[in-house]
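Numbering (our numbering), first residue to last: 6 to 339. From the three backbone atoms N, C-alpha and C, an ideal C-beta is built for every residue, glycine too. Since we're looking at a predicted model, the values are computed, not measured.
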Amino acid sequence: MSDNTFDLDHVREATLVHEKADYDSVLIGYGAGSPDPTQVAAYAAHHSERIRFLIAHRPGLMYPTLAARLFASVDHFTEGRIDLNIVAGHSDADQRREGDFLSKDERYVRSDEYVGIVKAAWTSTDPISHKGKYYEFEGYEPYVKPLQQPGVPIYISGSSPGALGTAARYGDYHFFFGEPHSGTVELVSKVRKIATDLGGDAPRFGVRFTLILGDTDEEAWDRARRHVERLGPPGKPGDLVANTGAARLRQAAEAGELHDRALWMVAAGPWGGTLNALVGSPETVAEALLDYVRLGVTGFRVSGLDPFDDTRFIGRELIPRVREGARGLNVHED
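The following block contains the structure:
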């Protein structure tokens, strides 16, 4: 572990920059070599007042009854400012670093069972028992409840059939990579149909983009091209080959770089990924985001090229435009 793994000043500054920029929440990611995101969220919440924390969590690395108590506890200590992002793990290699050798498909099956247990622990009033494919226990006493009721909001990430099914069954939100409009409509429709077939309500939907902004469209595109030049030519996809969302992005990029109003999709960088960026002035990108709202999306996970300067610019120039436009559509933006 390097000496700068725990940069507390950076955590505080990053939290406050996003809070002052009027973001609703920030994502705290998960990696086998990273600090525990629940502790990061608790620390950041102590040094902020309003902003929420979306905690990435990989099922299978702890028992679901323990996870239920952990997140219920953190929910109280953050005064109800956490959400839980369930990720099956896009990298087999990173899963194996922590002893998880299940395939991607098996991890989604396990995630489904895991989330069902966690939600039951949050909502049951009597002791519960369970015997499934991956977990078995008897007489668990579900008395440690979250502050938020009926539980901490659950975000499901992914575009594979397993992710869509778990999102339809248990998700409050379903997040996936920002795709061209046609792909977005396809995913939203699939999850809604699964939820209807199950007799429940569909989750709300969110998409993930990089935003490359400038005062004008021309300035933004100049930044975008210089950014891709810095990234360099695309390497081999590696672990990303097995990721359904990444594969969908590659297919869209192969069909063309420019999509819809402002979506730029290009393979770049040594990791072999696909950049899915909305490029343009704040006015252009705001309208591009509102196009997705019209397709049924109500939340966005966004990042700029500079973690602080772009965050401030997005907060000052973009967020107010999107929120005002969403109000005109009678939709609340996250």
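Tell me which residue opens and which closes the beta strand (DSSP E) that Ser308 is part of. Looking at the DSSP string, the run of the beta strand (DSSP E) that includes Ser308 is 302-308.
What distance in whole Å lies between the Cβ atoms of Tyr160 and Leu59, which are believed to be in contact at a cut-off of 8 Å? 6 Å
Those runs of the beta strand (DSSP E) which lie wholly inside the segment 74-123 and span at least 3 residues: 87-91
Whole-Å CB distance - Pro208 paired with His186, under 8 Å assumed: About 20 Å; that fails the 8 Å criterion.
Contacts around Ile199, its chain only, beta-carbon distance under 7 Å, and the 5 residues preceding and following it disregarded: Once the five neighbours on either side are set aside, the close Cβ partners of Ile199 are Leu169, Gly170, Ala173.
Taking Cβ positions, are Ser96 and Ile56 nearer each other than 8 Å? no
Is the segment 216-230 close to the segment 150-159, with three or more CB pairs under 8 Å? no
Neighbour-count burial assignment, Ser7, 16 or more Cβ in a 10 Å radius: In this prediction, Ser7 has a pLDDT of 41, which is less than 50 and means its spatial position is unreliable; what the coordinates show is noted afterwards. Counting other Cβ atoms within 10 Å of its Cβ, Ser7 stays below 16 and is therefore classed as exposed.
Suppose contacts are defined by Cβ-Cβ distances below 8 Å. Is Ala257 in contact with Met270 by that definition? yes
Less than 8 Å between the beta carbons of Thr249 and Ser164, yes or no? Yes, Cβ-Cβ distance for Thr249 and Ser164 is below 8 Å.
Relative to the C-alpha of Arg197, which residue among Phe214, Phe182, Asp177 is closest? Asp177
Is any non-hydrogen atom of the ligand ADP found closer than 7 Å to the C-beta of Leu334, if you look at the structure I gave you? With respect to the ligand ADP, the structure shown offers nothing to examine, as it has no ligands at all.
With DSSP run on the structure shown, which of helix, strand or coil describes Tyr178? strand
If Lys138 sits next to Val123, beta carbons under 8 Å apart, how far is it from one beta carbon to the other, in whole angstroms? Actually they are not in contact, since the Cβ atoms of Lys138 and Val123 sit about 16 Å apart, beyond 8 Å.
In chain order, which continuous runs of the alpha helix (DSSP H) of length 4 or greater are located wholly inside the segment 161-207? 166-175, 186-203, all fully within the segment 161-207.
Look at the alpha carbon of Asp315 and the alpha carbon of Val284, and state the distance between them as a whole number of angstroms. As the crow flies, the alpha-carbon of Asp315 is around 13 Å from that of Val284.
Report the three-state DSSP secondary structure of Met6 (helix, strand or coil). Summary for Met6: the model assigns pLDDT 33, below 50, so the residue's position carries little reliability, and this model does not support an answer.
Which residues in the same chain as Ala125 place their Cβ atom closer than 6 Å to its Cβ, once the five residues preceding and following it in sequence are excluded? Contacts found: Ile133.
Using CA atoms only, rank isn't needed, just tell me which of Arg101, Trp276, Arg299 is closest to Val193. Arg299
Determine the burial state of Pro69: buried for a count of at least 16 other Cβ atoms within 10 Å of its Cβ, exposed for fewer. buried
Can you tell me whether Phe106 is buried or exposed? The criterion is at least 16 other CB atoms within 10 Å of its CB, across all chains shown. exposed
Quick check: the Cα distance between Phe181 and Glu288, rounded to an integer number of angstroms? 24 Å
For Thr201 and Glu262, I'd like the C-alpha separation in whole angstroms. 35 Å
Alpha carbons only, please: which of Trp127, His135, Ser108 is nearest the one belonging to Tyr148? Trp127
Any idea which residues DSSP pairs Tyr68 with across the strands? Answer by DSSP bridge pairing: none, since Tyr68 is not bridged.
When you compare only the Cα positions, how much space is there between Leu13 and Trp276? Distance between Leu13 and Trp276, taken at the CA atoms: about 28 Å.
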